[in-house]
Each structure stands twice: as structure tokens, then as C-alpha cells.
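Okay, structure first, notes after.
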DNA sequence: TTGCAGGGGTCAA
DNA sequence: TTGACCCCTGCA
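Numbering (the working numbering), first residue to last: 1 to 296.
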């Protein structure tokens, strides 16, 4: 056993066991709308492909288990991916300043914002436009299977999300096999722009959230909402408040008590939640969607 | 069984 | 500011 950043980490056969993990609930993390490649297994654990690896993740009473990982994998990959260096209890305490947020936080108490690969996040959220989650998952899986590297886990085949060059070298016609519909054109064009560094994804973290959003919006298929999602779910910026129809509905019903414009909601969030806007958005979105808040 | 509306938005007119 | 857009699912 070793100690790493306050966690006890044990490697056992094909897995790592991490003790002293708080504010971690797989259902909340994987089903709060930030990721599309984690599938719930019969035993309640989740198996997913991320950062070129396949692992199975489960959690019980402070103990996190990651199957198909070593201690080195934990330190170099999963510690960061699961944002384990951040104390979510502090964030929750700061955000729980009204009854609405208290309820939302209680409901999604185990949410953590994953630090996902920004390229994969970009393409995934271009696909999300005017689309449903099961469909988005199918398209991302299909693109990975067609263009990504095969990975074997538990004698099953999985596929890593493809590198930029792979998609940039594809034709729109071939991409359409993945059922992305009208978004395939955006994917093809965006891939070329990213490959040629017309937009440098690595430079975004050094910009303000506003500038980073504007930079991303240069890409076809990327508007404000998709840009905010990309920035938040890649762990690049946390002071953004992705406002989709669900967030709009929950904000209108619970805070505004009337219809509100996107701009009003964005301005309100920036003032009210400040640097923690992104975290607030996740708790609110998950709460709204799971409880169908604002649906007539 | 067939038909139709609409979805975690973006783009173009 | 408004409608079209691929494809799929849910519901008449």
C-alpha cells in the first residue's frame, strides 16, 4: 500500500483499490450528462473507455475500485480524470446557499466533473446538438469502432476514441455511416481545423473563459452551449454555465419564476455562482433531468 | 401497422 | 428571430 494525496492506494492483481474517497457516486458521475462512454453493468459498476484505456469502476462506502489498472495508472491517469485532487465537500458547502441548491446537491451528492480528453469532448458535444443521450452514445461508439484503436478487456472488444488525424483524414460520406446525420459535416470540418491548429485546443486553458468560448465557436457545429460543455467537461474552465433546455427550464421554474432568455440566465449564474458556476450547473442539470423539472 | 412530432443546438437567411 | 436539419424513439 502507498499513500498518495491523502488516499490509501493498494494494487491487487488486476486492480487498484483506493481508500478514503469521498463525494464519489458512480451513478451521479456517469449519468449526469457529461460523458457518453460509460456503461452500467449488471452489478451496478461502470465499464468505460477513456484516455485510451478500458476500466471498470465501482465504489462502496469510501472505497473506490478500478479494475484493469495499476497504481501507476491511478497516479498518472485516474486521479486526474476523476478530479480526486479536489475537495467537493467544500464546493458543495459554498454552493448550498439556498434551498434549491441544497436539494440539487443532496440529490446529486456524488457528482464529480471528469477531466475528459478535450478532443473527444469536442466531437461528442458537436454530436449532442439537437440529439438525445442514447443516440449520442451510439454515434460516439460507432465513430470509435470505425476509426479508433481496438482494446481488449474481459475478453471483449472496446475501441478508443480516434486521434485527430484519423477523423481529419476521413470523408463526410464515410462518417455518415456512424449516423451522425447533419453533424457529420461539422465533425469533418472541425477535425481538419483542429489538426491544422487553426484552433489550438491546448491553448484554451491559458485564456479567459470568454476568450476560450469565442475561440471554440470558430469551429463549425460549435456554438455557445457546446463550447461551454467542452470547456467544463474537459476540466479546462469551471466558471462556465452550459445552458441547455434542461438548465433553462430548471432556472426558469426554480429561480426566475417566469420565462427567461439565455442571456439572463447566463448573467444570473455568473453573478450568483461565480467561479463555481460549472459545478452548480451539473447539480442543477442532473436534478432537473432526473426529476423532469419544468416539463409540462 | 403506419405516421408524425420532437430532441442536451447550430447555422443561415 | 425563425426554420431546417439526420436519425431514432415514443405514442397516437
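Idealized CB from N, CA, C, for every residue including glycine.
Note that the structure is a prediction, hence the values are computed from the model and not measured.
Problem set entry | Per-residue burial, residue 74 [other beta carbons within 10 Å of its own, 16 or more giving buried] | buried
Exercise. Between which two residues does the beta strand (DSSP E) carrying residue 283 extend?
Worked result: Counting along the chain, residue 283 falls outside any beta strand (DSSP E), though it belongs to the alpha helix (DSSP H) covering 277 to 290.
Exercise. When the Cα of residue 109 is compared with those of 293, 80 and 282, which residue comes out closest?
Worked result: 282
Exercise. Just checking, does the region 176 to 187 make contact with the region 126 to 139 on the three C-beta pairs under 8 Å criterion?
Worked result: yes
For this session: Enumerate in chain order the residues of its own chain whose CB-to-CB distance from residue 164 is below 8 Å, with the five nearest sequence positions on each side excluded.
Result: 119, 191, 194 and 195
For this session: Tell me whether residue 64 sits in a helix, a strand or coil according to DSSP, three-state version.
Result: strand
Problem set entry | Three or more C-beta pairs below 8 Å linking the region 155 to 172 and the region 47 to 64 | yes
Exercise. What are the boundary residues of the alpha helix (DSSP H) that includes residue 174?
Worked result: 172 to 175
Exercise. Where does residue 259 fall in DSSP's three states?
Worked result: coil
Exercise. Which residues share a DSSP beta bridge with residue 8?
Worked result: 3 and 19
Exercise. Cβ of residue 232 within 8 Å of Cβ of residue 215?
Worked result: no
Exercise. Taking the Cβ atom as the reference point for each residue, do residue 255 and residue 100 lie within a distance shorter than 8 Å?
Worked result: yes
Exercise. Taking buried to mean at least 16 other C-beta atoms within 10 Å of its own C-beta, is residue 23 buried or exposed?
Worked result: buried
Problem set entry | Same chain, Cβ closer than 6 Å to residue 297, five either side skipped, listed in chain order | Shown here, the chain extends from 1 to 296; a query on residue 297 therefore has no answer.
For this session: Could you please give the first and the last residue of the uninterrupted beta strand (DSSP E) stretch that includes residue 153?
Result: 150 to 153
For this session: Using three-state DSSP, classify residue 238 as helix, strand or coil.
Result: coil
Exercise. Does DSSP put residue 164 in a helix, in a strand, or in coil?
Worked result: helix
Exercise. Thinking C-beta only, is residue 114 closer than 8 Å to residue 29?
Worked result: yes
Exercise. Which class does residue 243 belong to by DSSP, given the choice of helix, strand or coil?
Worked result: coil
Exercise. DSSP beta-bridge partners for residue 209?
Worked result: Answer is none; residue 209 lacks a bridge partner.
Exercise. With a Cβ-Cβ cutoff of 8 Å, do residue 152 and residue 178 count as a contact?
Worked result: no
Problem set entry | Residues near residue 78 in its chain [Cβ-Cβ closer than 7 Å; skip 5 each side] | 66 and 69
Exercise. Do you know how far the Cα of residue 229 is from the Cα of residue 116?
Worked result: 11 Å
For this session: Below 6 Å CB to CB, which residues in the same chain sit around residue 222 once its five sequence neighbours on both sides are set aside?
Result: 216
Problem set entry | Backbone CA spacing between residue 201 and residue 208 [nearest angstrom] | 14 Å
Problem set entry | DSSP state of residue 40 mapped onto helix, strand, coil | strand
Problem set entry | Spatially closest choice to residue 273 from 4, 61 and 95, by CA coordinates | 95
For this session: Within its chain, find whatever has a CB closer than 6 Å to the CB of residue 172; leave out the 5 residues flanking it on each side and keep chain order.
Result: 184, 185 and 188
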